[in-house]
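One structure is given below, encoded as structure tokens.
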């Protein structure tokens with residue numbers, strides 16, 4: 135059911151605009167999985183490489199859940215509504231905006247200054263410096279949390295540092311690939327760091343000496359206390375670990391070494407209750423987690439037991455590729471549970487990405503029981519990675535469905551299962567409800583292509599919508615609708631359509647952009663721009679020059695460019711994903727595009743400017759946050775007079791937001807409350823009749839769900855709609871100062 139800004143339809147059937155919409159406000163529609171079970175949080179946006187911490191978001195004394203997904207740098211927040219011994223998390227996106235936009239790569243929440251508010255430890259925000267940046271947390275009188283950059287006055291950059299033996303101050307080294315361990319190693323009340331060394335395969339303990347130095351807990355001053363913490367060695371080319379032979383010296387270097395540390399994740403906690411820290415390690419070359427028990431002391435760690443397939447007494451973690459572990463109390467029983475997830479964006483498991491293990495709570499060394507491998511992900515729409523949605527009524531039942539192209543589910547290293555997926559609208563015209571109806575529509579998983587991006591439109595000019603699908607390599611699939619608008623048939627697939635190269639990772643749109651009556655192809659591509667392929671054929675026989683750089687095509691149409699300027703350096707990754715809409719019932723198109731770095735762009739002044747520059751009116755429409763590679767579409771799917779925007783992203787999920795794009799050409803204040811007209815029949819198949827106020831001369835306009843004006847009539851009261859595809863339309867009737875709008879349904 136719709137929760138936000140839903141407008142009302144009066145029982146008489148006419149539509150009255152009453153509220154303006156706020157762009158970027160999330161909205162919610164019910165979604166059922168294929169077993170017809172409702173998803174708890176379908177529009178969360180997906181999970182690929184989540185990292186987990188806890189903090190109290192709503193000031194109720196319970197630790198809520200914070201997730202940072204490395205794949206796209208996206209924050210997700212969940213409120214803890216469980217009780218002692220029970221687990222119940224509810225997606226709460228209203229807290230996402232509290233967190234700094236600069237956090238990236240890895241994020242851990244720890245309260246280093248003991249003020250009751252978790253602080254943020256994250257990868258260095260200083261370009262070129264591998265290390266840790268810290269944001270200090272605070273809470274105002276209303277319970278609102280905020281974070282400010284912690285300034286390190288001992289170093290030239292705001293990263294954690296330590297003095298070496300020669301007195302030079304160095305950055306505390308952590309790579310983008312690693313996840314370090316942050317905790318009170320020696321039990322002295324302040325936060326230490328354990329992380330892998332720069333060139334070796336040993337872990338280093340950086341002791342926090344703030345309290346000992348008289349600075350108090352609100353400082354972060356470190357010294358290198360132990361350059362082989364735990365006395366173990368990890369191989370530089372595998373996940374193999376060797377423990378110390380004598381418990382006094384570091385393990386022998388008889389494992390094969392790499393010249394530099396490649397990548398490992400770690401988490402420390404006191405798992406056996408004896409006051410010292412155990413550790414879990416994941417390696418970039420492995421699928422397993424290695425657990426080591428500390429048989430030493432808080433100040434002299436000696437790992438004397440290794441479980442290289444943790445937990446080998448239950449179901450071992452098996453995550454391709456590069457698992458990471460996070461230890462938190464998930465069920466409010468006072469015992470630490472643990473979660474494992476992949477830490478290699480773009481090359482690792484992207485479906486079953488959250489292994490959840492619960493602590494048995496027994497005395498002594500804790501043991502863990504596997505529960506599920508899709509914690510939280512099983513409550514949301516998640517199609518692997520690279521979701522690219524488009525609105526389309528695929529079964530011609532009059533309700534707008536969503537077709538999603540994907541980069542695919544992880545199958546093996548370098549192998550992804552890409553496909554088209556159907557979310558069928560099984561609700562009503564005003565209250566959409568979606569069901570996962572087909573997870574491999576038209577059998578696209580059989581093609582060895584990635585980054586599938588669907589687009590619908592009447593490409594061949596025969597009056598019914600056809601399908602184009604963009605691919606990673608820039609080729610296009612063409613699927614002609616050999617049926618009709620009322621009975622579509624998409625069974626004939628043409629690969630490498632007309633030899634067109636539409637640009638790497640192309641996202642096509644079918645639209646008559648030059649106004650000559652023939653459908654053209656607009657294609658965004660990876661480098662952040664878009665190409666215009668002019669239809670040089672005839673009605674019923676489209677034809678295109680395949681080279682986007684040759685006339686009459688325009689490579690870089692309208693000067694569109696959605697690449698991000700990084701302070702003078704333009705990042706080459708753009709991922710332009712354009713969609714064309716006609717807001718307010720106009721004939722002037724507007725182009726809306728997603729981008730690699732999340733932002734959504736809006737362009738106007740399209741007609742007549744294909745070879746010059748469109749006007750870029752928005753660079754961050756709605757301040758929508760969905761992470762990398764946003765792909766979008768817009769339509770009024772609930773018949774409230776405003777378009778919704780569906781946003782896909784690199785994490786493979788979807789989110790839906792309100793927009794302020796109206797489907798009519800008049801303002802709210804211009805719509806008359808006076809309604810002398812009635813429209814019948816409604817629903818209708820061929821004709822609708824307008825009665826009432828017969829003495830008035832009327833004019834009418836009909837708009838589709840994307841706001842495009844598709845029919846204008848002057849003086850007619852019997853309107854022929856037989857040529858329209860099935861669906862929801864909007865009828866505007868004007869007579870003098872009377873303006874009336876009504877939803878009509880074509881069957």
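In the numbering used here, the protein residues as written are 135 to 881. A virtual CB, placed ideally from N, CA and C, is assigned to each residue, including glycine.
Exercise for review: Go ahead and pull the three-state DSSP assignment for residue 580.
Suggested key: Your numbering for residue 580 matches position 446 in the chain shown. Of the three classes helix, strand and coil, the one that applies to residue 580 here is helix, per DSSP.
**Study point:** Where residue 169 sits in the DSSP three-state scheme
**Key:** For the purposes of this step, residue 169 is taken as the residue at position 35 of the chain shown. DSSP places residue 169 in coil when its eight states are reduced to three.
Review point. From residue 297 to residue 303, what distance separates their C-alpha atoms?
Key: Within the chain shown, numbered from 1, the residue matching residue 297 stands at position 163. Within the chain shown, numbered from 1, the residue matching residue 303 stands at position 169. Those two C-alpha atoms are separated by around 4 Å.
Point to revise | residue 265, DSSP secondary structure in three states | key: Position 131 of the chain shown, counted from the start, is the residue given in the question as residue 265. Looking at residue 265 - three-state DSSP - the assignment turns out to be coil, as it is neither helix nor strand.
**Study point:** Complete runs of the beta strand (DSSP E) confined to the segment 495–575 [at least 3 residues]
**Key:** 502–506, 522–526, 535–539, 543–546, 549–551, 554–559 and 567–572
Exercise for review: Note down, in chain order, each residue of its chain lying with its Cβ closer than 8 Å to the Cβ of residue 483, except the 5 sequence neighbours on either side.
Suggested key: As a working note, residue 483 is residue 349 in the chain shown. Excluding positions up to five away in sequence, the list reads 453, 454, 455, 476 and 544.
**Study point:** With 16 other Cβ atoms within 10 Å as the buried cut-off, status of residue 875
**Key:** Here the question's residue 875 lines up with position 741 in the chain shown. Buried, because 16 or more other Cβ atoms sit within 10 Å of the Cβ of residue 875.
**Study point:** Buried or exposed by the 16-neighbour rule on C-beta atoms within 10 Å, applied to residue 786
**Key:** Mapped onto the chain shown, residue 786 falls at position 652. By the 10 Å Cβ count, residue 786 comes out buried.
**Study point:** For residue 588, the residue or residues it bridges with in DSSP
**Key:** Indexing the chain shown from 1 puts residue 588 at position 454. Looking at the DSSP assignment, residue 588 forms a beta bridge with 603.
Practice item. Excluding the 5 residues preceding and the 5 following residue 745 in the sequence, name in chain order all residues of the same chain whose CB lies nearer than 7 Å to its CB. Key: For the purposes of this step, residue 745 is taken as the residue at position 611 of the chain shown. Counting only Cβ-Cβ distances below 7 Å, and skipping sequence neighbours, we find 688.
Point to revise | Ordered list of beta strand (DSSP E) runs contained in the segment 718–770, each at least 3 residues | key: 724–728, 735–738, 749–752 and 765–769
Exercise for review: May I have the straight-line CA-CA distance separating residue 625 from residue 229, to the nearest angstrom?
Suggested key: For the purposes of this step, residue 625 is taken as the residue at position 491 of the chain shown. For the purposes of this step, residue 229 is taken as the residue at position 95 of the chain shown. For residue 625 and residue 229, the distance between alpha carbons rounds to 45 Å.
Review point. How many whole angstroms separate the CB atoms of residue 156 and residue 792, which I take to be in contact at a CB cut-off of 8 Å?
Key: Mapped onto the chain shown, residue 156 falls at position 22. Mapped onto the chain shown, residue 792 falls at position 658. Sure, about 6 Å apart at Cβ, within 8 Å.
Check your understanding: If you count every other CB in all the chains shown that lies within 10 Å of the CB of residue 261, and 16 or more means buried, which is it?
Key -> To locate residue 261, count along the chain shown from 1; it is residue 127. Label assigned to residue 261: exposed.
Exercise for review: Would you kindly report the start and end of the unbroken beta strand (DSSP E) that includes residue 234?
Suggested key: Residue mapping note: residue 234 aligns to position 100 of the chain shown, counting from 1. Here residue 234 belongs to no beta strand (DSSP E), and DSSP marks it neither H nor E.
Exercise for review: Closer than 7 Å by C-beta to residue 721: which residues in its own chain qualify, once you throw out the five before and the five after it? Chain order, please.
Suggested key: Residue numbering aside, residue 721 sits at position 587 when the chain shown is read from its first letter. The residues are 843.
Review point. Using the C-alpha atoms, what's the distance from residue 841 back to residue 775?
Key: Along the chain shown, read from residue 1 onward, the residue named residue 775 stands at position 641. Along the chain shown, read from residue 1 onward, the residue named residue 841 stands at position 707. If I take the Cα positions, the gap works out to 9 Å.
Practice item. Throw me the rounded Cβ distance for the residue 761 and residue 784 pair, which I believe falls under 8 Å. Key: Translated into positions along the chain shown, residue 761 becomes position 627. Translated into positions along the chain shown, residue 784 becomes position 650. Contact flag correct, Cβ pair sits at about 6 Å.
Check your understanding: Mind checking residue 699: buried by the 16 CB within 10 Å criterion, or exposed?
Key -> Start at 1 with the first residue of the chain shown, and residue 699 comes out as number 565. With fewer than 16 Cβ atoms within 10 Å of its Cβ, residue 699 is classed as exposed.
Point to revise | Three-state class that DSSP yields for residue 303 in the structure shown | key: Looking up residue 303 in the chain shown gives position 169. Strand at residue 303.
Check your understanding: What does a CB cutoff of less than 6 Å around residue 246 pick up in its chain, not counting 5 residues either side in sequence?
Key -> Mapped onto the chain shown, residue 246 falls at position 112. Taken in chain order, the residues that qualify are 253 and 325.
Exercise for review: Would you mind sorting residue 782 into buried or exposed? The rule is 16 or more other CB atoms within 10 Å of its CB.
Suggested key: Within the chain shown, residue 782 is the residue found at index 648, counting from 1. It counts as buried.
Review point. Expressed to the nearest angstrom, what Euclidean distance is found between the alpha-carbon atoms of residue 294 and residue 222?
Key: Stepping through the chain shown from its first residue, residue 294 is reached at position 160. Stepping through the chain shown from its first residue, residue 222 is reached at position 88. Answer to the nearest angstrom: the Cα atoms are 36 Å apart.
Check your understanding: Can you name, in chain order, every residue of its own chain whose Cβ lies under 8 Å from the Cβ of residue 638, other than the five neighbours on each side?
Key -> Counted from its first residue, the chain shown places residue 638 at position 504. Closer than 8 Å at Cβ, skipping near neighbours: 606, 607, 608, 659, 660 and 661.
Check your understanding: Under three-state DSSP, which class holds residue 209?
Key -> On the chain shown, residue 209 is found 75 positions in, with the first residue counted as 1. Of the three classes helix, strand and coil, the one that applies to residue 209 here is strand, per DSSP.
Practice item. Give the straight-line distance between the Cα atoms of residue 451 and residue 201, rounded to the nearest whole angstrom. Key: Locating residue 451 in the chain shown gives position 317, counting from the first residue. Locating residue 201 in the chain shown gives position 67, counting from the first residue. When rounded, the distance between both Cα atoms is 20 Å.
Review point. Between the beta-carbon of residue 494 and the beta-carbon of residue 218, is there less than 8 Å?
Key: The sequence position of residue 494 within the chain shown is 360, counting from 1. The sequence position of residue 218 within the chain shown is 84, counting from 1. No, Cβ-Cβ distance for residue 494 and residue 218 is not below 8 Å.
Practice item. Could you please give me the residues that DSSP links to residue 868 through a beta bridge? Key: Sequence index remark: in the chain shown, residue 868 carries index 734 (1-based). Answer is 833 and 873.
Exercise for review: Work out the CA separation of residue 612 and residue 880 for me, nearest whole Å.
Suggested key: Within the chain shown, numbered from 1, the residue matching residue 880 stands at position 746. Within the chain shown, numbered from 1, the residue matching residue 612 stands at position 478. Taking C-alpha positions only, residue 880 is separated from residue 612 by approximately 27 Å.
**Study point:** Same chain, Cβ closer than 7 Å to residue 747, neighbours up to 5 away in sequence not counted
**Key:** Residue mapping note: residue 747 aligns to position 613 of the chain shown, counting from 1. Only 692 and 693 meet the Cβ criterion.
Exercise for review: Check whether the segment 764–771 touches the segment 502–509, counting contact only when three or more Cβ pairs, one atom from each stretch, lie closer than 8 Å.
Suggested key: no
**Study point:** Three-state secondary structure assigned by DSSP to residue 716
**Key:** Position 582 of the chain shown, counted from the start, is the residue given in the question as residue 716. In the structure shown, residue 716 sits in coil (DSSP, three-state: anything other than H, G, I, E or B).
Point to revise | residue 269 vs residue 238 beta-carbon contact at 8 Å | key: Residue mapping note: residue 269 aligns to position 135 of the chain shown, counting from 1. Residue mapping note: residue 238 aligns to position 104 of the chain shown, counting from 1. The answer is no: Cβ separation not under 8 Å.
Review point. If you count every other CB in all the chains shown that lies within 10 Å of the CB of residue 168, and 16 or more means buried, which is it?
Key: Numbered from 1 along the chain shown, position 34 holds the residue referred to as residue 168. It is exposed - the Cβ of residue 168 has fewer than 16 other Cβ atoms within 10 Å.
**Study point:** Beta-bridge pairing of residue 200 - partner residues as DSSP gives them
**Key:** As a position in the chain shown, residue 200 is number 66, starting the count at 1. Partner(s): 187 and 211.
Practice item. Would you kindly check if the distance between the Cβ of residue 327 and the Cβ of residue 356 is under 8 Å? Key: By one-based count along the chain shown, residue 356 stands at place 222. By one-based count along the chain shown, residue 327 stands at place 193. Result yes, Cβ atoms of residue 356 and residue 327 sit closer than 8 Å.
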